[in-house]
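Numbering (the working numbering), first residue to last: 395 to 695.
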């Protein structure tokens with residue numbers, strides 16, 4: 395199955411009974427097998443071309459029988475400490491991934507998102523081994539499951555280690571969809587009641603935060619296919635519509651309609667709020683950060 399665009403339904407909506415068939419599960423399992431075969435082939439190639447990495451590639455990828463075992467081993471070694479042992483973390487990750495097919499499907503969708511959308515991603519194995527945004531996201535998925543199982547002290551401990559190691563701070567209660575790309579990822583902060591849809595791309599130093607000491611539902615809701623540029627700040631229980639684009643460095647405090655572009659501090663809609671310009675493409679997948687500029691500004695260098 396060649397690399398390509400994957401789209402999934404929103405994680406915040408429930409499927410209709412008529413949609414509950416076995417076909418999607420089979421497709422996801424086939425996709426997982428294909429991606430794992432690609433990762434192993436890439437690891438073998440890299441081990442042959444760079445013998446200095448052969449032992450590392452064997453222990454992290456080639457010695458494992460499945461993606462969840464390789465990922466669990468790698469995350470356990472990345473996140474362990476003197477008091478949080480790698481063997482404990484390996485068992486925790488493996489039990490969680492093995493018992494929840496949706497987590498494995500999400501990991502595969504995230505791998506494909508990085509490979510398709512990021513020109514710097516040279517292979518699936520490169521993403522699995524080296525992309526801290528991908529690794530932080532998979533770790534968060536496990537912490538989120540622990541949170542929902544009322545194992546909150548362990549979820550918070552894992553959250554702390556993720557923040558320490560990857561410089562990505564996602565509260566374990568936050569809901570994250572599939573096909574997510576945290577590009578570069580450093581400094582990403584996502585609050586407790588935030589929801590991030592599917593096929594979303596988020597650059598470094600993005601904050602999805604609250605507006606103060608308010609309790610309850612207080613963080614942003616990001617629709618499917620949204621692109622959030624580097625350094626953008628979105629505060630409060632606001633909705634960013636599906637397919638919207640948030641420009642780098644923008645500060646967003648109110649809702650953004652679907653398929654529109656918000657830019658600036660404070661952010662304003664390209665084309666104006668009465669008749670904002672709308673785009674047809676899905677920016678979370680196209681990664682188009684700058685096409686709005688000709689409509690928005692006459693600034694010329």
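Each residue gets a CB set at the ideal place from its N, CA and C atoms; glycine is no exception.
Query, Result
"In chain order, each beta strand (DSSP E) run of at least 3 residues that lies wholly inside the segment 655-684", "655-657"
"Own chain, CB closer than 6 Å to residue 641, minus 5 neighbours either side, in chain order", "623 and 657"
"Per DSSP, cross-strand counterpart(s) of residue 627", "601 and 645"
"Supposed close pair residue 618, residue 593 - CB separation, criterion 8 Å", "6 Å"
"Straight-line Cα distance separating residue 506 from residue 596", "15 Å"
"According to DSSP, residues forming a beta bridge with residue 472", "In the DSSP output, where bridge partners are listed per residue, residue 472 has none listed."
"Complete alpha helix (DSSP H) runs within the segment 519-578 (minimum length 4 residues, chain order)", "526-542 and 546-560"
"For residue 428 and residue 446, the rounded distance between their alpha carbons", "27 Å"
"As assigned by DSSP and simplified to three states, the class of residue 434", "helix"
"Helix, strand or coil at residue 478 according to DSSP, with G and I counted as helix", "coil"
"Residues bridged to residue 621 (per DSSP)", "595 and 639"
"Neighbour-count burial assignment, residue 677, 16 or more Cβ in a 10 Å radius", "buried"
"Per-residue DSSP class, three states only, for residue 502", "helix"
"Residues near residue 438 in its chain [Cβ-Cβ closer than 6 Å; skip 5 each side]", "none"
"Backbone secondary structure at residue 650 - three-state DSSP", "strand"
"Neighbourhood of residue 463 by C-beta distance below 8 Å, restricted to the same chain and skipping five residues each side", "488"
"Bridge partners - residue 455, DSSP secondary structure assignment", "Note: residue 455 sits in no beta bridge, so no partner."
"Three-state secondary structure (DSSP) of residue 429", "helix"
"Residue 555 beta carbon less than 9 Å from that of residue 621", "no"
"Other residues of its chain near residue 586: CB distance less than 7 Å, five sequence neighbours each side excluded", "565, 567, 568 and 613"
"In DSSP terms, what residue 584 is bridged to", "564 and 602"
"Stretch pair the segment 570-586 + the segment 595-610: three plus CB contacts closer than 8 Å", "yes"
"Buried or exposed by the 16-neighbour rule on C-beta atoms within 10 Å, applied to residue 606", "exposed"
"C-beta atoms of residue 516 and residue 679 nearer than 9 Å", "no"
"Reference residue 461, options 522, 552 and 644, closest by Cα", "522"
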